[in-house]
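*Asks:* Before I ask anything, here is the structure I am working with.
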Amino acid sequence: MKISYNWLKQFLPILPSPEKLSTILTDIGLEVEHLEKVQLIPGGLDGLLIGYVTACSQHPNADKLSITKVDLGCGEPVQIVCGAANVAAGQKVVVAPVGATVHPTTGEPFKIGKAKIRGEVSEGMICAEDEIGLGTSHEGIMVLANDAPVGTQAKDYFKIEEEYVFEIGLTPNRADAVSHLGVARDVLAWLKTHENCTDDLTLPSINTFKQGTVTLPISIAVENTEACPRYAGVCISGITVADSPEWLQNRLKAIGLKPINNVVDTTNYVMHELGQPLHAFDYNKIEDAKVVVKTVAEGTKFTTLEGTERKLSAQDLMICNGKGEAMCIAGVFGGLASGVTASTQNIFLESAYFNPVWVRKTAKRHALKTDASFRFERGTDPNMPVFALKRAALLITEIAGGTIASKVIDAYPNPVPHFEIKVAYTTIHKLIGQVLPQKKIQTIITSLGITLQKTTEEEMYLQVPPYKVDVTRDVDIVEEILRIYGYNAIEFPKKITSSLVVAPKPDNEKIKHAIADMLTSNGFSEMMNNSLTKSTYAKLLGEQTQKESVAILNPLSSDLDVMRQTLLFSALETVAYNINRKQSNLKLYEFGKTYHLQAEKYSEKQQLAIVITGSKENEQWNAIAGGADYFTLKGTVESILTKLGITDTAVVPYTDTIYAEATAIERNGKQLATIGKLANSVRKVCSISEDVFYANINWDEVLKVMRKAKPLQYQEISKFPAVRRDLSMLIDAQLSFEQLRAIAVQTEKQLLKEVQVFDVYQGDKLPKGKRSYALSFVLEDNEKTLTDKQIDSVMDRLIQNFEKAGAEVRKQ
């Protein structure tokens, strides 16, 4: 939300500087995300002066040029060559002297320099409207009034005010601050509390509002008072729809709004001024001169202002005419058939209080987010409609002409009551953590517009206006007090007491940080994805998984309608996003939760997802970068488990629809992780053509295993040399290296330190169903040097056991 500094000054003429006000707003809960100095006129006419043309003569070398002498109020007149036909002696003009930068309405800014034009020296430029951004006319130079003071800065003459705009990150609960009035109200409370300000808000006057002769009769019927507790309106006749005056356009431009016409601009102006949305109808298009607030039949077609035809719900509150035809979606968007156009002469002006829930559901149903719905959804002030209506009506008659042509009709059968709250001073002191003077508390409360009905030594009885929709309990009152008093003003205690909390073993967060540090130091980047995802992803995981989806009752969109059951697809979306931006060498990880519905019970599971694609390393001039593969990822997962002290694991084949080929890491029959190359069908969901390798670690199961695992132990390097021996063997294709390694470890548990495969061959030179493995074995004794006899004994036993398993060991 954007707030104009100069606009705020209409409510509070004496304001702190924009920089200080920015700090104040943030301190009171209206966080200023950005403070910008805005120039409504490009360049702000900086450096331009008011000059007086003392002489004007024909250029000797050009028929369409004149040589002028211009007094700039600072010494001798300067000579300026001018090409405008209307230049003449005795004129007051706008001059861009040498060194000034000119910002034209169209085109790039340019700096004025001393020049020779057709042989004559020119020391500046006499300006036209479009040359300095004041308009679009280029028929000639601007000729000012005779009383324009020579030498005056043009920005002072044209009253170009400096404007500052605050970008406020408004939280959803602060419905009372969606306007300049709401922000000014909070600022005044701070000033009264901290700077002993005695001023009050300067509200726009509506004292001149007078009803004229009733020439445009109108009747209002509210059929659904739950959805519309209050509806007010008035008619104005004889208006002329045209462009708004410059001051109004500048106000709207400053906060990022595009001016449309004087009627629409006025309703927008009042909405941002007072927080009350309004809507103008063409009176002549309201059948039977009657406005009916009601719902219509399900499926009724309605064309909104931008020309889109929509099907209405029976739960959409509509503003209809006397024949029951819809004219406007209440609180959200106007209709094309009844909108104000350039030919409109009579209008009906609406100002209402709509039920926030009804507006929120309708706006979401039709995917319509407007400035009006933004305010109505959060809750507007039910006591503001008539005041805002009169304010807007007066502005319209002032800038668009016309007269008030009806009574102000106000349908308000059940006034919204103030909130009655009782607050104990002990509650305030306890929650704030500091004892505040009662007088200070009362000053803050009353400065916020809250009425102090009765007070005792122990408590206060308060009436809170309904525009403070989030202040309904005593704790809310404490929050109001604290944000105005200042969070930074609360003293820190000299000591802090706390209860001893036994940390869980193992500490999940500590372990996560350790593994995250490890992955990051190895070139991985952490992902943080949304827990909401598409329900269509669940279909790829099978019918059972789809049934276990946790659906969102009020999804923001079809892309965010279920809780994720796997980290896979959000990881793929991240991969696709990076690849589409030419970042194809990716090593990513994410700690996250998945959500499941099983046997009518909801559950969460912690997972660690790791994904790699592209090259393992960046390109180097002296090395060829290899592509990421299954083994790179498997090594990463095994390193994680090793760091956590989980070493006695087994790698087994694994089959799943998401993988083209994969394995699982298990311990005592419990699956700890799955690793593999993703299937083409899965990659194509996110339009990824490159191979992607994905690992999913069951973090909950890892934590369980860690409780029983022995901590990682370090030992001295053996003083005695290790010995390596190699074996080459022909094995069945179904026999895996993991099985061979298990045989080796079972054969020799003491001396065997390491088993690796360093060569694999499978081709037409071998018998069908066979492949060749070359294995290396590292033997070592920590107590003494191994003898040939010991080494040969171990290798013989290894050969025997491999042959028993069906391997044919090559002996040379």
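Using the working numbering, you'd call the opening residue of the sequence shown number 1033 and step up by one each time. The beta carbon of each residue, even a glycine, is placed where N, CA and C say it ideally should be.
Distance check for L1220 and P1003, CA to CA, integer angstroms please.
*Replies:* Nothing can be reported for residue 1003: it is not among the residues displayed for the chain, which extend from 1033 to 1844.
*Asks:* So, with DSSP's three-state summary, where would you put K1637?
*Replies:* For the purposes of this step, residue 1637 is taken as residue 605 along the sequence shown, with counting starting at 1. K1637 falls in the strand class under three-state DSSP.
*Asks:* Give the DSSP bridge partners of I1268, in chain order.
*Replies:* Position 236 of the sequence shown, counted from the start, is the residue given in the question as residue 1268. Answer is I1379, I1436.
*Asks:* Under DSSP, the beta strand (DSSP E) around A1548 begins and ends at which residues?
*Replies:* Residue mapping note: residue 1548 aligns to position 516 of the sequence shown, counting from 1. It is not in any beta strand (DSSP E) - A1548 instead sits in the alpha helix (DSSP H) that spans 1540 to 1553.
*Asks:* Within 10 Å of its beta-carbon, does N1282 have 16 or more other beta-carbons around it, so buried, or fewer, so exposed?
*Replies:* Counting from 1 along the sequence shown, the entry for residue 1282 is found at position 250. It counts as buried.
*Asks:* Where do the ends of the beta strand (DSSP E) carrying V1777 lie?
*Replies:* Numbered from its first residue, the sequence shown carries residue 1777 at position 745. If you look at V1777, you'll find it isn't in any beta strand (DSSP E); it sits in the alpha helix (DSSP H) that goes 1769 to 1779.
*Asks:* Taking contact to mean 3 or more Cβ pairs, one atom from each stretch, closer than 8 Å, check whether the region 1037 to 1056 and the region 1091 to 1107 are in contact.
*Replies:* no
*Asks:* Check the C-beta distance from V1119 over to I1173 and give it rounded, since I have them as a contact under 8 Å.
*Replies:* The residue you call residue 1119 lines up with position 87 of the sequence shown. The residue you call residue 1173 lines up with position 141 of the sequence shown. The Cβ separation is near 6 Å, so the contact holds.
*Asks:* Could you give the distance in angstroms between the alpha-carbon of I1516 and the alpha-carbon of P1447?
*Replies:* Locating residue 1516 in the sequence shown gives position 484, counting from the first residue. Locating residue 1447 in the sequence shown gives position 415, counting from the first residue. Approximately 29 Å, taken between the alpha carbons.
*Asks:* So, under 8 Å CB-CB, G1366 and L1400 are touching, yes? Tell me the CB distance rounded to an integer number of Å.
*Replies:* As a first step, residue 1366 must be located in the sequence shown, where it is residue number 334. As a first step, residue 1400 must be located in the sequence shown, where it is residue number 368. Not quite, the Cβ-Cβ distance comes to about 11 Å (not below 8 Å), so this is no contact.
*Asks:* Beta-carbon within less than 7 Å of K1096's beta-carbon, same chain only, minus the 5 sequence neighbours each way: which residues are those?
*Replies:* Taking the sequence shown and counting its residues from 1, the one referred to as residue 1096 is at position 64. Taken in chain order, the residues that qualify are G1115.
*Asks:* Which term fits W1653, buried or exposed, when burial requires 16 or more other beta carbons within 10 angstroms of its beta carbon?
*Replies:* Here residue 1653 refers to the residue found at position 621 when the sequence shown is read from its first residue. Classification of W1653: exposed, given that the 10 Å Cβ count is below 16.
*Asks:* From A1132 to V1102, what distance separates their C-alpha atoms?
*Replies:* Residue mapping note: residue 1132 aligns to position 100 of the sequence shown, counting from 1. Residue mapping note: residue 1102 aligns to position 70 of the sequence shown, counting from 1. Each residue's alpha carbon lies about 16 Å from the other.
*Asks:* Could you work out which residue in S1768, I1476, V1510, V1302 is closest to E1227 when comparing CA atoms only?
*Replies:* Along the sequence shown, one-based indexing puts residue 1227 at 195. Checked all of S1768, I1476, V1510, V1302; the closest Cα to E1227 is I1476.
*Asks:* Distance, Cα to Cα, Q1123 vs C1229?
*Replies:* Counting from 1 along the sequence shown, the entry for residue 1123 is found at position 91. Counting from 1 along the sequence shown, the entry for residue 1229 is found at position 197. Cα to Cα, the separation comes out at about 48 Å.
*Asks:* With distance defined between alpha-carbon atoms, name the residue in P1129, T1184, D1179, G1139 nearest to C1847.
*Replies:* The chain is shown only over 1033 to 1844; residue 1847 falls outside these bounds and no answer can be derived.
*Asks:* Assuming S1635 contacts V1594 (C-beta within less than 8 Å), just tell me the rounded distance between them.
*Replies:* Working through the sequence shown from its first residue, we reach residue 1635 at position 603. Working through the sequence shown from its first residue, we reach residue 1594 at position 562. About 15 Å; that fails the 8 Å criterion.
*Asks:* Taking the alpha-carbon of Q1495 as reference, which of N1554, T1488, R1505 has the nearest alpha-carbon?
*Replies:* As a first step, residue 1495 is located in the sequence shown; it is residue number 463 there, counting from the start. Checked all of N1554, T1488, R1505; the closest Cα to Q1495 is R1505.
*Asks:* State the start and end residues of the unbroken beta strand (DSSP E) segment that holds V1295.
*Replies:* Here residue 1295 corresponds to residue number 263 of the sequence shown, with the count starting at 1. Unbroken run through V1295 is the alpha helix (DSSP H), 1294 to 1306; no beta strand (DSSP E).
*Asks:* Which full runs of the alpha helix (DSSP H) of 4+ residues lie inside the region 1794 to 1841, going along the chain?
*Replies:* 1820 to 1836
*Asks:* Give every residue of the same chain whose Cβ lies closer than 6 Å to the Cβ of L1057, excluding the five residues on either side of it in the sequence, and list them in chain order.
*Replies:* Here residue 1057 refers to the residue found at position 25 of the sequence shown. Cβ neighbours of L1057 beyond the five flanking positions: V1064.
*Asks:* For V1440, which residues in the same chain have their Cβ closer than 8 Å to its Cβ, ignoring the five residues on either side in sequence?
*Replies:* Here residue 1440 corresponds to residue number 408 of the sequence shown, with the count starting at 1. Same-chain partners within the cutoff: Q1243, A1264, G1265, V1266, V1418, L1421, K1422.
*Asks:* Would you call the CB atoms of T1846 and D1723 closer than 8 Å?
*Replies:* As displayed, the chain neither begins before 1033 nor continues past 1844, which places residue 1846 out of reach and without an answer.
*Asks:* Nearest-angstrom Cα distance between V1175 and I1431?
*Replies:* Translated into the one-based positions of the sequence shown, residue 1175 becomes position 143. Translated into the one-based positions of the sequence shown, residue 1431 becomes position 399. Answer to the nearest angstrom: the Cα atoms are 26 Å apart.
*Asks:* Say whether the region 1193 to 1203 touches the region 1140 to 1159, bearing in mind that this needs 3 or more beta-carbon pairs closer than 8 Å, one atom from each stretch.
*Replies:* no
*Asks:* For V1043, which three-state DSSP category applies?
*Replies:* Numbered from its first residue, the sequence shown carries residue 1043 at position 11. Here residue 1043 is Phe; the residue named in the question, Val, does not match the sequence. Here F1043 sits in helix by DSSP.
*Asks:* Thinking just about the alpha-carbon of each residue, which of S1251, V1467, V1455 is nearest to the one in I1482?
*Replies:* Within the sequence shown, residue 1482 is the residue found at index 450, counting from 1. It is V1455.
*Asks:* Sorted by chain position, which residues of the same chain lie with C-beta nearer than 6 Å to M1738's C-beta, five sequence neighbours on each side aside?
*Replies:* To locate residue 1738, count along the sequence shown from 1; it is residue 706. So the qualifying residues of the chain are P1538, L1676.
*Asks:* Secondary structure at A1404, three-state DSSP: helix, strand or coil?
*Replies:* Numbered from its first residue, the sequence shown carries residue 1404 at position 372. Helix at A1404.
*Asks:* For a test of the three-state rule: what should DSSP assign to F1790, helix, strand or coil?
*Replies:* The residue labelled residue 1790 in the question sits at position 758 within the sequence shown. Note: F1790 maps to strand in three-state DSSP.
*Asks:* In angstroms, rounded to a whole number, what distance separates the CA positions of A1358 and F1334?
*Replies:* Reading the sequence shown from its first residue, position 326 is the one you call residue 1358. Reading the sequence shown from its first residue, position 302 is the one you call residue 1334. Taking the straight line joining both Cα atoms gives about 7 Å.
*Asks:* Less than 8 Å between the CB atoms is what I'm expecting for S1647 and G1658, so what's the real figure, rounded?
*Replies:* For this step, residue 1647 is matched to residue 615 along the sequence shown. For this step, residue 1658 is matched to residue 626 along the sequence shown. With 8 Å as the limit, S1647 and G1658 qualify as a contact, their Cβ atoms being about 7 Å apart.
*Asks:* List the residues that DSSP assigns as beta-bridge partners of D1442.
*Replies:* By 1-based counting over the sequence shown, the position of residue 1442 is 410. Answer is A1264.
*Asks:* Less than 8 Å separating the beta-carbons of L1573 and T1598?
*Replies:* In the sequence shown, residue 1573 corresponds to position 541, counting from 1. In the sequence shown, residue 1598 corresponds to position 566, counting from 1. It is a contact, given that the beta carbons lie within the stated cut-off.
*Asks:* Which whole-angstrom value describes the C-beta separation of E1780 and L1818, a residue pair presumed to lie in contact below a C-beta threshold of 8 Å?
*Replies:* As a working mapping, residue 1780 is identified with position 748 in the sequence shown. As a working mapping, residue 1818 is identified with position 786 in the sequence shown. With a Cβ gap of about 12 Å, E1780 and L1818 do not count as contacting.
*Asks:* Here's a check: name, in chain order, each residue in its chain whose Cβ is nearer than 8 Å to the Cβ of A1608, leaving out the five neighbours to either side.
*Replies:* Position 576 of the sequence shown, counted from the first residue, corresponds to residue 1608. Hits under 8 Å: C1718, S1719, I1720.
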